[in-house]
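J.: Just dropping this structure here.
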Amino acid sequence: MTNAVAGPGKVIDLYGLSSPNVMKVVILLEEAGLPFRLLPIDIWAGDQFSDDFKALNPNSKAPVIVDPDGPDGAPFTVFESGAILVYLAEKVGRFIPAGPAARYAMLQWLMLQMASIGPMYGQATHFRRSGPPGSEYSLARYTTEARRLADVLEVCLSQAAYLAGDDYSIADMATYPWIALYHEPNGIDLNTLPSLKRWSEAIAARPAVAHVHSLWAEWAQNDQTRRGKASSDGFDRLFGRGKYARVD
Ligand SMILES: N[C@@H](CCC(=O)N[C@@H](CS)C(=O)NCC(=O)O)C(=O)O
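Throughout, our numbering is defined as the position within the sequence shown, counted from one, plus 3.
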């Protein structure tokens with residue numbers, strides 16, 4: 004882990020980088036006014052595989068948060084961006100419905116983002132940017148699924164202002180970064196999806212989200228620099244290929 008910046012007592016530590024799974028957490032931190040500091044993870048240098056990081060997240064992925072003021076008043080670590088969103092929303096008592104029906108209506112869209120939108124958009128982007136020759140089948144499969152999922156969002160958002168109904172929630176915060184950052188590379192034309200476009204523009208216009216985008220310009224630039232310094236072994240390890248591939 005690199006470039007940690009010291010911060011005072013109640014500041015939440017966020018281990019992350021300029022990725023959609025991290026952006027969703029930053030949106031909630033900003034919306035809720037929770038102070039945090041970014042501890043950058045250089046995934047091209049393999050920070051996520053260090054013993055120190057695996058003690059926080061055995062799955063070696065960002066984001067992770069450490070809340071100095073956890074449920075029992077002691078420091079509390081949470082990994083998996085969906086779990087982090089639920090944890091922080093419950094902590095502040097906002098952006099998560101209280102009643103059971105509304106809560107599950109929201110959680111189903113949060114789960115859809117975690118289980119489908121993130122992985123499918125992520126794989127489509129991987130094969131587009133980094134797939135070796137012969138990746139046409141994989142690229143077509145994941146791009147088709149990403150576009151199908153955008154259609155699912157369009158239908159939902161043609162019936163309500165937000166994914167879970169009238170109220171902006173962590174389901175919207177989870178899904179927004181994938182649309183904002185990845186619709187263009189995946190060839191998803193928001194002009195053909197008017198409800199998704201309206202929703203995306205409404206979220207982008209929120210002051211907290213606009214502030215996150217201003218942070219992102221610098222964070223993305225820093226990650227470009229890290230990526231530019233990466234070795235071919237670093238890429239092989241990140242992508243599980245070459246000597247890191249586990250195939251029979
Ligand atoms: N399901 C996880 C996915 C996290 C994830 O894939 N994080 C990426 C950055 S967006 C990462 O840490 N990649 C490093 C690696 O795969 O080694 C979550 O939502 O938190």
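Every residue gets a Cβ at the ideal spot worked out from N, C-alpha and C, and that includes glycine.
Report the rounded CA-to-CA distance for ASP16 versus PRO210, giving the unit in angstroms.
T.: Position 13 of the sequence shown, counted from the start, is the residue given in the question as residue 16. Position 207 of the sequence shown, counted from the start, is the residue given in the question as residue 210. The alpha-carbon atoms of ASP16 and PRO210 are separated by roughly 22 Å.
J.: Would you list the residues whose beta-carbon is nearer than 7 Å to any heavy atom of ligand 1, in the order they occur in the chain?
T.: Output, sorted by chain position: LEU20, SER22, PRO23, ASN24, VAL25, ILE44, ILE46, GLN51, SER63, LYS64, ALA65, PRO66, PHE82, GLU83, SER84, GLY85, MET117, GLY121, GLY125 and LEU241.
J.: Figure out for me which residue from ILE206, LEU193, GLY36 and LYS64 has the closest Cα to the Cα of GLY96.
T.: The residue you call residue 96 lines up with position 93 of the sequence shown. Considering only alpha carbons, the answer is GLY36.
J.: By the three-class DSSP mapping on this structure, what secondary structure does PRO43 have?
T.: The count along the sequence shown starts at 1 and reaches residue 43 at position 40. Reduced to three states, the DSSP call for PRO43 is strand.
J.: To the nearest angstrom, how far is it from the Cα of PRO23 to the Cα of TYR90?
T.: Here residue 23 refers to the residue found at position 20 of the sequence shown. Here residue 90 refers to the residue found at position 87 of the sequence shown. Rounded to the nearest angstrom, the two C-alpha atoms are 18 Å apart.
J.: When DSSP builds the beta bridges, which residues end up paired with ASP16?
T.: Against the sequence shown, residue 16 aligns to sequence position 13. Paired residue(s): ARG40 and VAL69.
J.: Whole angstroms is fine: what's the gap from TYR18's alpha carbon to ALA167's?
T.: Position 15 of the sequence shown holds residue 18. Position 164 of the sequence shown holds residue 167. C-alpha separation (whole angstroms): 28 Å.
J.: Under the assumption that ALA177 contacts GLN116 (Cβ atoms under 8 Å), give the Cβ distance between them as a whole number of angstroms.
T.: Reading the sequence shown from its first residue, position 174 is the one you call residue 177. Reading the sequence shown from its first residue, position 113 is the one you call residue 116. That belief holds up - the Cβ atoms of ALA177 and GLN116 are roughly 4 Å apart, short of 8 Å.
J.: With a cut-off of 8 Å, do at least 3 Cβ pairs link the region 203 to 221 to the region 169 to 184?
T.: Yes: the two stretches touch, three or more of their Cβ pairs being nearer than 8 Å.
J.: Judging by CA-CA distance, which residue of PRO38, SER84 and LYS13 is the nearest neighbour of ALA77?
T.: Position 74 of the sequence shown holds residue 77. Of the listed residues, the one whose Cα sits closest to ALA77 is LYS13.
J.: For LEU113 versus ARG131, is the C-beta distance shorter than 8 Å?
T.: Counted from its first residue, the sequence shown places residue 113 at position 110. Counted from its first residue, the sequence shown places residue 131 at position 128. It is not a contact, given that the beta carbons lie outside the stated cut-off.
J.: According to the Cβ coordinates, are ILE173 and LEU31 closer than 8 Å?
T.: Here residue 173 corresponds to residue number 170 of the sequence shown, with the count starting at 1. Here residue 31 corresponds to residue number 28 of the sequence shown, with the count starting at 1. Result yes, Cβ atoms of ILE173 and LEU31 sit closer than 8 Å.
J.: Using a Cβ distance threshold of 8 Å, determine whether the region 142 to 162 contacts the region 59 to 75, with at least three qualifying pairs required.
T.: Verdict: no, contact absent.
J.: Give the single residue among LEU20, MET26 and ALA58 whose Cα lies nearest to the Cα of ASP45.
T.: Numbered from 1 along the sequence shown, position 42 holds the residue referred to as residue 45. Answer by Cα proximity: LEU20.
J.: Can you give the Cα-Cα distance for LYS246 and ASP239, rounded to whole angstroms?
T.: Your numbering for residue 246 matches position 243 in the sequence shown. Your numbering for residue 239 matches position 236 in the sequence shown. Computed Cα separation, rounded: 7 Å.
J.: Taking the alpha-carbon positions, what's the PHE56 to VAL67 distance?
T.: Here residue 56 refers to the residue found at position 53 when the sequence shown is read from its first residue. Here residue 67 refers to the residue found at position 64 when the sequence shown is read from its first residue. Near 9 Å, if we compare the C-alpha coordinates of VAL67 and PHE56.
J.: Provide the residue span of the alpha helix (DSSP H) that contains VAL212, from first to last.
T.: Here residue 212 corresponds to residue number 209 of the sequence shown, with the count starting at 1. VAL212 -> alpha helix (DSSP H) spans 210 to 231.
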